[in-house]
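See structure below.
Numbering (the working numbering), first residue to last: 1 to 928.
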């Protein structure tokens with residue numbers, strides 16, 4: 001679908017010139033369950049949407065039917081064909097605005113949608129009874145209880161614990177106007193000798209301030225807190241996890257990031273770099289204190305000295321993306337002008353734990369081991385995009401680091417943090433998996449047999465954090481079977497049902513559908529593609545897959561899987577890579593396979609063929625679907641292993657495997673193969689490769705008064721060696737996206753991206769281009785998005801409002817003229833709120849043309865109301881680009897009732913809805 005900035009002008013002009021009125025109205029907020037269908041003309045905005053005029057230009061605004069608590073997933077405006085942009089939230093928690101100059105705009109506005117973390121916000125979710133697989137023979141069932149592992153990392157250790165807090169001077173971070181706090185809560189082992197490993201926790205994006213006793217309406221996400229408000233202590237929400245680790249001998253600190261949460265809506269990367277800088281600034285202080293304990297705060301002096309060569313980073317939600325970036329920045333330093341005061345690296349990050357993380361950049365650090373917890377009932381980051389921290393590392397570097405995904409059935413997003421948990425939190429908190437009492441979700445509504453309680457969830461989370469510490473930091477390989485897909489459980493996490501899979505840890509390159517290969521009997525599908533013939537999962541399928549979570553481009557290249565679908569047993573799917581794969585020395589072939597949620601008994605025979613054509617059936621694997629509903633991301637790959645012994649006995653050359661064959665033995669079904677790897681026991685040592693680092697910048701320039709200038713997007717490459725990245729370029733005029741593979745090395749970015757800027761003296765919106773980059777092989781990416789912004793440097797024309805017909809007889813139209821002091825290159829709008837007429841009789845919903853009212857408001861109410869009684873009702877007088885004026889109409893009707901003159905008052909307003917000039921009054925006199 002073609003997108004173009006000019007489409008806004010065309011659409012607004014059409015709305016201005018067609019139909020019964022040249023005005024655009026703000027429709028009423030949608031109640032729960034309402035859909036985003038536009039009334040009336042094709043070019044009208046759907047209910048809940050409007051265009052608002054501001055001093056800086058026009059914005060596309062959506063108002064939610066209810067308050068949306070601040071969360072970690074970004075709210076995004078989209079159409080069915082791709083993203084429009086990321087709006088900024090208002091303080092009321094319901095209003096979201098996107099400046100039109102930042103929008104990639106469709107040809108029409110009838111299909112606008114609001115999404116967050118894979119969940120649509122502007123309509124009710126699928127009915128509770130709707131199952132992801134219509135042919136599934138059962139409802140949601142818990143996964144089977146796995147055998148216990150040989151060790152249980154959730155058991156407390158031998159140490160008592162000691163706790164305290166520190167507060168240091170705030171720090172300045174690039175791109176953030178207000179300083180960011182330096183606060184931490186320390187929990188440490190009491191009586192432990194010698195240096196102890198350090199675990200640092202970073203919370204995610206949550207509300208920042210509250211007024212005690214004020215309820216949820218007194219909760220905000222600004223910084224600093226307003227007078228009378230208090231900071232929400234999100235950093236104290238991991239005390240249970242900290243105490244467990246401290247009892248096992250770890251020094252722990254959980255740091256506060258409210259100052260980032262309150263400002264990250266204004267930065268392009270949603271605060272990832274700032275969170276990294278904050279984490280590393282704390283680590284730098286801990287390095288100072290370890291070297292000279294006498295200068296440390298009291299809470300730190302009471303703890304054993306920290307060993308900065310053994311650091312575990314734990315991040316929740318946007319904090320997960322922050323600690324992943326901190327691990328990357330610790331190995332491959334960011335540009336100095338984008339970093340905080342952390343300085344040189346004096347620590348070694350041994351691993352990360354990422355809890356329900358965001359991954360807006362989709363460029364995980366490949367050579368630092370990770371464990372990603374995916375909450376099966378996450379209502380915030382509900383697409384479980386954190387799966388990319390596993391999938392996105394394949395083939396990028398050496399593949400020695402273990403990257404584990406831990407799918408926790410029945411866990412939501414918030415309850416891993418006690419300060420985000422109702423009944424435990426100091427400030428108002430809620431269950432992020434919102435439940436409609438009339439349409440309970442069969443998997444995730446509280447009380448469902450598959451849903452965990454807050455206490456059960458937090459205990460399970462603490463257990464797997466401790467598992468990561470014991471494997472990544474302490475090097476206890478016995479823990480690996482709990483997190484690498486072997487199929488063992490940690491009893492301390494009971495009754496949580498947890499499934500795991502992993503990549504890396506010496507599995508080798510393996511067979512990746514992302515690379516060149518040939519598939520017969522199945523379909524090579526794309527993770528993100530608007531074409532249902534190419535997409536792995538049809539967008540109309542209830543539920544979703546973490547493996548196919550969207551990034552920025554509407555069509556992403558290089559993310560694929562093999563789709564199998566059969567109606568009879570025995571039809572094989574053959575996968576032949578362009579190069580042979582070595583399985584020599586492996587114990588098993590590990591397949592990561594998705595089957596539909598709630599399905600049961602999928603069986604696949606697995607066979608391999610070597611380069612000489614010798615074939616052997618290795619065995620049969622079986623999988624049941626995860627419990628799922630239309631609101632869950634349950635199309636998740638399970639690790640299925642088949643021993644390689646049969647290949648040795650048959651004389652198959654495992655050094656040169658040329659093809660993999662999967663033959664279904666169940667009668668009907670579907671499956672998706674994510675990859676296949678050689679598996680062998682053990683956790684190899686990890687040494688980070690010397691790789692080049694790529695950072696994309698944004699250049700902002702004035703358009704000027706005349707002439708055409710060409711500017712180049714800043715691309716910086718640092719580090720060592722050369723590597724391959726995929727570069728996406730989004731055209732600022734058409735919205736079309738192109739991509740190319742580029743080899744980059746320090747000093748030689750390998751490509752240039754330019755934008756032409758034409759100067760003039762007429763007002764317009766800023767114009768931005770976007771460049772995105774993703775690591776493919778032998779490189780890492782820091783700042784993944786940038787481009788060029790041509791800043792409008794011409795003043796907005798002055799707007800005048802004059803009556804044309806403001807005293808009429810019923811049956812005629814009230815009319816006002818919106819005029820400009822000079823023409824503009826974009827539509828210019830005046831917002832006119834309908835306000836009470838005081839003690840005078842007021843024009844009602846029955847006094848105006850009903851088709852006009854439905855077109856302007858989305859419905860014609862059954863009962864008669866004054867126009868000012870319609871919630872958030874306003875008109876927008878839009879002057880098309882190049883024009884000097886337009887008119888706003890209110891068409892009235894004759895009602896045959898003798899009555900006094902009636903009035904309507906239109907109050908010009910600014911972006912915040914505050915009065916902006918004198919009101920306009922229209923009078924309608926009786927015609928009888």
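Note that beta-carbon positions come from the ideal geometry of N, C-alpha and C, so glycine has one too.
Keep in mind that this is a model prediction, so the values were computed, not measured.
- Take the alpha-carbon of residue 328 and the one of residue 279: they are about 12 Å apart.
- The count of Cβ pairs closer than 8 Å, one atom from the region 899 to 909 and one from the region 835 to 842, reaches three, so the stretches are in contact.
- Beta-bridge partners assigned by DSSP to residue 588: 643 and 679.
- Residue 711 carries a strand assignment under DSSP once its states are collapsed to helix, strand and coil.
- The alpha carbon of residue 892 has as its nearest neighbour, out of 760, 314, 925 and 885, the alpha carbon of 925.
- Under a 10 Å Cβ-count criterion, residue 369 is classified as buried, with 16 or more other Cβ atoms of the shown protein chains found around its own Cβ.
- The continuous alpha helix (DSSP H) containing residue 856 extends over residues 850 to 857.
- Taking the C-beta atoms as reference points, residue 734 is found no nearer than 7 Å to residue 728.
- Counting only runs of at least 3 residues, the region 320 to 375 fully encloses the following beta strand (DSSP E) elements, listed from N- to C-terminal order: 349 to 355 and 370 to 375.
- Selection 350, 375, 789 and 354 evaluated against residue 367 yields 350 as nearest (Cα-Cα).
- For residue 527, no alpha helix (DSSP H) encloses it, and the DSSP letter there is neither H nor E.
- Beta-bridge partners of residue 236 (DSSP): none assigned.
- Taking C-beta separations shorter than 8 Å and ignoring five residues to either side along the sequence, the partners of residue 860 in its chain run 845, 850, 853 and 854, following chain order.
- Residue 113 sits in a strand when the DSSP states are folded into three classes.
- The beta carbons of residue 511 and residue 572 sit about 16 Å from each other, so the pair does not count as a contact at 8 Å.
- For the pair residue 468 and residue 352, the Cα-to-Cα distance works out to about 8 Å.
- Contact between the region 376 to 390 and the region 62 to 79 is present: three or more C-beta pairs spanning the two stretches fall below 8 Å.
- Under the rule that a run must span 3 or more residues, the beta strand (DSSP E) segments found entirely inside the region 747 to 831 read 754 to 758, 770 to 777, 785 to 791, 799 to 805, 807 to 809 and 813 to 820.
- When the five nearest sequence neighbours on each side are left out, the beta carbons in the same chain lying within less than 7 Å of the beta carbon of residue 922 are those of 806, 814, 890, 903 and 904, in order along the chain.
- The Cβ-Cβ distance between residue 655 and residue 582 falls below 7 Å.
- Within the same chain, 692, 694, 717, 722, 723, 725, 750 and 779 come within 7 Å of residue 744 by CB-CB distance, once the 5 residues on both sides are set aside.
- Here the region 195 to 214 lies against the region 301 to 320, with 3 or more beta-carbon pairs under 8 Å apart.
- In the three-state reduction of the DSSP assignment, residue 221 falls in the coil class.
- In this structure, DSSP gives residue 623 an extended state, which the three-state scheme calls strand.
- Residue 436 is bridged by DSSP to 439.
- Burial is judged here by how many other beta carbons sit within 10 angstroms of a residue's own beta carbon; residue 458 has at least 16 and is buried.
- Between the C-alpha atoms of residue 605 and residue 591 there is a straight-line separation of about 12 Å.
- Judged by DSSP in its simplified three-state form, residue 300 adopts helix.
- When Cβ pairs closer than 8 Å are counted between the two stretches, the region 397 to 410 is seen to touch the region 680 to 687, the count reaching three or more.
- Non-local beta-carbon contacts of residue 758 in its own chain, meaning distances under 6 Å to residues more than five positions away in sequence, involve 708 in chain order.
- For residue 261, the closest C-alpha among the options 202, 218, 299 and 823 is that of 202.
- Per DSSP, the unbroken beta strand (DSSP E) holding residue 695 starts and ends at 692 to 696.
- Beta-bridge annotation (DSSP): residue 728 is paired with 739 and 772.
- Judged by beta-carbon spacing, residue 388 lies beyond the 7 Å limit of residue 405, meaning their Cβ atoms are not closer than that value.
- The alpha helix (DSSP H) runs of length 4 or more contained entirely in the region 468 to 528 do not exist; there are none.
- Here the alpha carbon of residue 522 sits roughly 17 Å from the alpha carbon of residue 531.
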